[in-house]
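Colleague: Can you read through this structure? Questions will come right after.
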Amino acid sequence: MDLIKLFSVLGLKRIATFQHRIFLTILYLLVNNLVFIVFWYVISTVTPVFSEEVAFTDTILILAVVTYAFGLTNMFAPELGTTLARLVYSGGLDSYLTLPQNPFYLLLLTRLDVVAFSEVLLGFAFFAFSQQPSFSQTVLFVIVATIAAANILILQMFIGSLTFFLGNGEHLAKLYMGFLQTIAIYPLNVLGPYVVVILHTIMPVVLISYLPFQILSSDPVYPDYLFYIGGYLLLTGILGFMSYILFKVGLRRYESGNLFTQLT
Amino acid sequence: MTMLSAYLYVTKVELKNQTRYATETIIRSSLVFMILLIYLQLWSYIYSLDNSQMSHLLPKNNMLWYMYLVVVAELGRFRPGKEIETDVVTGNIAYLLNRPYAYLLYQYFKHAAGAIFRTVMALVFGLGLVLLHTREFISISGTSLLIFCISYIFAQTIDFLIHAIIGIAAFVLEETNILRLLCQKLVFLIGGLFFPLDFLPTFLQNISAVLPFRLTTYAPAIILANFANVDVANIIQSQIIWILILMGCLMLLYRIYSARVTINGG
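As they're listed, the protein sequences go chains H and B.
Residues in the first sequence are numbered consecutively from 3, following my numbering.
Residues in the second sequence are numbered consecutively from 116, following my numbering.
Below you can see the structure in the form of structure tokens.
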């Protein structure tokens with residue numbers, strides 16, 4: 003808890019140094035999400051039949067989950083995949099390994115970015131816009147979107163850990179995560195079977211957007227909640243375990259670069 | 116002439132450098148290949164729902180070829196913003212200003228090499244995919260191909276100039292990453308990456324008409340995808356005008372801020 007407090011204060015001080023960044027970040031978040039809303043709006047307008055197949059509010063609900071989940075990950079560990087890849091191939095991981103805390107834990111905390119909280123709020127706003135949410139639906143949204151965020155973090159660790167085996171994987175991690183974020187906003191039923199297979203396997207977008215969307219839009223009653231969330235948590239746990247094993251195995255191959263820098 | 120050959124040599128060296136990291140470029144291209152696949156499937160799905168309404172705006176095959184061309188254009192960008200920002204923030208620019216070349220021209224020719232390599236990769240990777248969806252080549256004449264090539268080079272130059280201006284903004288802002296991302300998103304929507312601009316509501320078309328983003332993506336793609344129905348002369352003319360405007364802005368900002376660089380020591 004002390005570490006979380008310390009890095010939160012450091013994050014706030016960093017923001018205070020570059021105040022214009024707050025304004026630019028919020029402007030970017032608005033434009034970024036507005037672009038996708040207009041995208042779906044235009045498609046619904048030019049092909050009214052499309053909105054019979056995929057409701058406009060459904061696309062906004064997917065966008066709400068994705069925005070909230072990526073906002074949460076950007077807040078706790080912005081660009082974790084690329085950062086880990088860079089630390090591994092440059093030898094910068096030394097700074098984390100010499101500290102008594104678990105390096106996995108440190109990697110998640112040392113880059114706290116409080117500005118990204120605005121993205122989380124934007125996710126909430128989209129959720130409120132997509133439907134008239136009740137209290138239980140709002141709680142369900144927070145739970146499943148937070149699990150989606152955990153999946154994003156796990157995938158970032160996974161793709162970043164590949165650098166232990168492949169060499170410089172910074173660009174790969176950046177592109178992979180960029181691709182996940184882009185593709186996560188598309189409803190699965192508009193895509194063909196080959197893409198659907200890819201999105202269930204090497205790029206498990208289903209865990210980030212489609213599964214939370216299904217849980218939220220199916221409007222389950224009380225006992226079903228637990229079943230759906232339990233299944234979702236189980237899948238997340240399996241992915242998390244695989245990611246942790248990959249990190250630990252990769253760590254054995256890591257060679258010190260004798261590079262000691264501040265934790266960034 | 117000697118100076119030009121020096122810059123072309125920079126491009127040649129950088130091109131060799133790109134081929135050394137061919138695996139990375141192939142991975143990057145394969146991810147763009149995935150994005151193209153999704154666009155092609157999305158639009159095929161939409162056309163399957165309402166072919167008559169959509170064909171009125173742009174026939175299906177032309178639309179799929181348009182998506183292929185905009186994705187190629189997006190991958191073939193040469194954006195120096197990040198490198199200029201790093202040079203400014205680290206102070207490396209002080210060293211580079213003393214080199215016997217024009218810094219911005221050096222950036223242009225250096226980044227052009229990567230763009231050539233990535234464009235070729237995207238053309239090759241995407242061609243099979245678009246043919247799989249359309250099952251026919253788009254009708255191309257020698258004239259349309261030539262005008263497309265000219266417009267494509269102009270488009271990439273406009274994009275380069277916009278990103279160079281953003282890079283120079285690092286003298287004031289220090290961090291310009293968000294501006295670059297903002298610019299990218301504007302290209303998605305009012306630049307024509309998501310769909311041709313004719314699909315947009317009128318007020319967004321009007322906004323797009325006064326900004327240069329449509330000339331970086333929509334302009335070259337629509338020339339080849341729908342040559343018979345576009346005002347080619349107007350597009351090329353607009354591109355030339357915007358290149359001159361952006362070049363003027365870039366030179367002005369570069370002169371103002373590079374004059375403020377203070378070099379201490381050797």
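Glycine residues also receive a C-beta, built at the ideal position from the N, C-alpha and C atoms.
Small disclaimer: the values here were computed from a predicted structure and weren't measured.
Please list the residues of the stretch 29-58 of chain H that have a C-beta atom closer than 8 Å to any C-beta atom in chain B, keeping them in chain order.
Modeller: Of all residues in the stretch 29-58 of chain H, L29, Y30, V33, N34, V37, V40, F41, V44, I45, T47, V48, T49, P50, V51, F52, E55 have a Cβ within less than 8 Å of some Cβ in chain B.
Colleague: Let me confirm a value: H171/B is counted as buried when at least 16 other C-beta atoms fall within 10 Å, else exposed. Which label applies?
Modeller: To locate residue 171/B, count along the second sequence from 1; it is residue 56. With fewer than 16 Cβ atoms within 10 Å of its Cβ, H171/B is classed as exposed.
Colleague: With DSSP collapsed to three states, give me the class of A150/H.
Modeller: In the first sequence, counting from the first residue as 1, residue 150/H sits at position 148. Correct three-state label for A150/H: helix.
Colleague: For the alpha helix (DSSP H) containing E216/H, list its first residue and its last residue.
Modeller: Translated into positions along the first sequence, residue 216/H becomes position 214. Residue identity differs from the one stated: residue 216/H is Gln in this sequence, not Glu. Here the alpha helix (DSSP H) through Q216/H covers 212-219.
Colleague: So if I threshold CB-CB distances at 8 Å, which residues from the stretch 163-189 of chain B count as touching chain C?
Modeller: In the displayed structure, chain C is absent; the protein chains listed are H and B.
Colleague: Alpha helix (DSSP H) containing P206/H: first to last residue?
Modeller: Translated into positions along the first sequence, residue 206/H becomes position 204. Counting along the chain, P206/H falls outside any alpha helix (DSSP H), and DSSP gives it neither H nor E.
Colleague: Give the interface partners of I280/B over in chain H, defined as CB-CB distance under 9 Å, in chain order.
Modeller: The residue given as residue 280/B occupies position 165 in the second sequence. Under the 9 Å cutoff, chain H gives no residues; its nearest Cβ is about 16 Å from I280/B.
Colleague: Output yes or no for whether 8 Å exceeds the beta carbon distance between A66/H and G125/H.
Modeller: Looking up residue 66/H in the first sequence gives position 64. Looking up residue 125/H in the first sequence gives position 123. Result yes, Cβ atoms of A66/H and G125/H sit closer than 8 Å.
Colleague: DSSP three-state label for E81/H, please.
Modeller: Your numbering for residue 81/H matches position 79 in the first sequence. Of the three classes helix, strand and coil, the one that applies to E81/H here is coil, per DSSP.
Colleague: Along the chain, where does the alpha helix (DSSP H) containing R214/B start, and where does it finish?
Modeller: Here residue 214/B is taken as the residue at index 99 of the second sequence, counted from 1. From DSSP, R214/B is part of no alpha helix (DSSP H); its letter is neither H nor E.
Colleague: Whole angstroms is fine: what's the gap from K225/B's alpha carbon to T234/B's?
Modeller: The residue given as residue 225/B occupies position 110 in the second sequence. The residue given as residue 234/B occupies position 119 in the second sequence. C-alpha separation (whole angstroms): 15 Å.
Colleague: For chain B, check one thing: does any of its Cβ atoms lie closer than 8 Å to the Cβ of I185/H?
Modeller: Residue numbering aside, residue 185/H sits at position 183 when the first sequence is read from its first letter. Yes, contact with chain B.
Colleague: In chain order, what residues of the same chain have a beta carbon less than 7 Å from the beta carbon of I255/B, not counting five sequence neighbours either side?
Modeller: Along the second sequence, one-based indexing puts residue 255/B at 140. These residues qualify, in order along the chain: L339.
Colleague: Output needed in chain order: residues of the stretch 232-257 of chain H with a Cβ under 8 Å from some Cβ in chain B.
Modeller: Here the close residues number zero.
Colleague: CA-CA distance, G73/H and A151/H?
Modeller: In the first sequence, the residue the question calls residue 73/H occupies position 71. In the first sequence, the residue the question calls residue 151/H occupies position 149. Their backbone Cα atoms lie some 8 Å apart in a straight line.
Colleague: Would you verify that the beta carbon of L65/H is, or is not, closer than 8 Å to some beta carbon of chain B?
Modeller: Taking the first residue of the first sequence as 1, we reach residue 65/H at position 63. Not one chain B Cβ lies under 8 Å of L65/H.
Colleague: Counting along the chain, where does the alpha helix (DSSP H) carrying N321/B start and finish?
Modeller: Here residue 321/B is taken as the residue at index 206 of the second sequence, counted from 1. Element bounds for N321/B: 317-324.
Colleague: Is the separation between the beta-carbon of L308/B and that of A237/B shorter than 8 Å?
Modeller: Translated into the one-based positions of the second sequence, residue 308/B becomes position 193. Translated into the one-based positions of the second sequence, residue 237/B becomes position 122. The answer is no: Cβ separation not under 8 Å.
Colleague: Is Q103/H helix, strand or coil by DSSP?
Modeller: Taking the first sequence and counting its residues from 1, the one referred to as residue 103/H is at position 101. Q103/H falls in the coil class under three-state DSSP.
Colleague: In three-state terms, what does DSSP make of A121/B?
Modeller: As a position in the second sequence, residue 121/B is number 6, starting the count at 1. Helix at A121/B.
Colleague: Which complete beta strand (DSSP E) runs does the stretch 151-237 of chain B hold, if anything under 3 residues is left out?
Modeller: Counting only runs of 3 or more, we get nothing.
Colleague: With DSSP collapsed to three states, give me the class of D189/H.
Modeller: On the first sequence, position 187 is the one that residue 189/H refers to. In the sequence as presented, Asp is not what sits at residue 189/H; that position holds Pro. DSSP places P189/H in coil when its eight states are reduced to three.
Colleague: Could you give the distance in angstroms between the alpha-carbon of L359/B and the alpha-carbon of A186/H?
Modeller: By 1-based counting over the second sequence, the position of residue 359/B is 244. By 1-based counting over the first sequence, the position of residue 186/H is 184. Distance between the alpha carbons of L359/B and A186/H: 39 Å.
Colleague: Just the Cα atoms here: how many angstroms apart are Y369/B and T377/B?
Modeller: Here the question's residue 369/B lines up with position 254 in the second sequence. Here the question's residue 377/B lines up with position 262 in the second sequence. Near 15 Å, if we compare the C-alpha coordinates of T377/B and Y369/B.
Colleague: Using a Cβ-Cβ cut-off of 8 Å, state whether Q156/B counts as contacting chain H.
Modeller: Residue 156/B sits at position 41 when you count from the first residue of the second sequence. Yes, Q156/B lies at the interface with chain H (some Cβ there is under 8 Å from its Cβ).
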